[in-house]
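> First the structure, which I've put down as structure tokens, then a few questions once you've had a look.
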Amino acid sequence: PIAKGEEIFHVPVEQFITADMDSDDDDDDDRSPNVSCDTAWNLAEERRKGKSSHWEPFVTYCFESFDQEDLPANWSDEALELFYQIVDDVLEPQYLGDRGSYEDECGYDADEEYDEILEAAYR
């Protein structure tokens, strides 16, 4: 049996796709104050790399293995209400985050156009 507190699986932090993937970059002025925005940006960048991405199998899974409509960000108000009734404040996760889009939460620069990959990464 597995003992309480025994580590059975470990993923090194450098294997995560996060907002701080370019932490050796000293120019943080262009970083968003919203961690979700930067994480979505990095995930979208990895998606654009295709097979040359170090994370290609995971990225492909994120974008192609299930319908975007099934993600909590796309659930109806009724589905979210039911989820929160079931989860209450005992089970994780207690909060799924605000529903929205990259455009709504992070915004695009004036010279940027709507980016379908970035929007999917945000969801």
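Under this note's numbering, the first residue of the sequence shown is numbered 1010, with each subsequent residue one higher. Glycine included, C-beta positions come from ideal geometry on N, C-alpha and C. All values reported here derive from a predicted model rather than from experimental measurement.
#1: Run the CB neighbour count on Glu1122, radius 10 Å, all protein chains shown included, and call it buried at 16 or more, exposed below.
#2: Buried or exposed: Ala1119, going by 16 or more other Cβ atoms within 10 Å of its Cβ?
#3: With a threshold of 7 Å on Cβ separation, who are the neighbours of Ser1110 within its own chain once the five nearest residues in sequence on each side are excluded?
#4: May I ask you to report which of helix, strand or coil DSSP gives Cys1071?
#5: Between which residues of its own chain and Val1044 is the CB-CB distance below 6 Å, once the five residues before and five after are set aside?
The relevant details are as follows:
#1: Working through the sequence shown from its first residue, we reach residue 1122 at position 113. Label assigned to Glu1122: exposed.
#2: Taking the first residue of the sequence shown as position 1, residue 1119 is located at position 110. Classification for Ala1119: exposed.
#3: Sequence index remark: in the sequence shown, residue 1110 carries index 101 (1-based). Around Ser1110: Glu1128 and Tyr1131.
#4: Along the sequence shown, read from residue 1 onward, the residue named residue 1071 stands at position 62. If DSSP states are grouped into helix, strand and coil, Cys1071 belongs with the helices.
#5: Here residue 1044 corresponds to residue number 35 of the sequence shown, with the count starting at 1. Result list for Val1044: Ala1028, in chain order.
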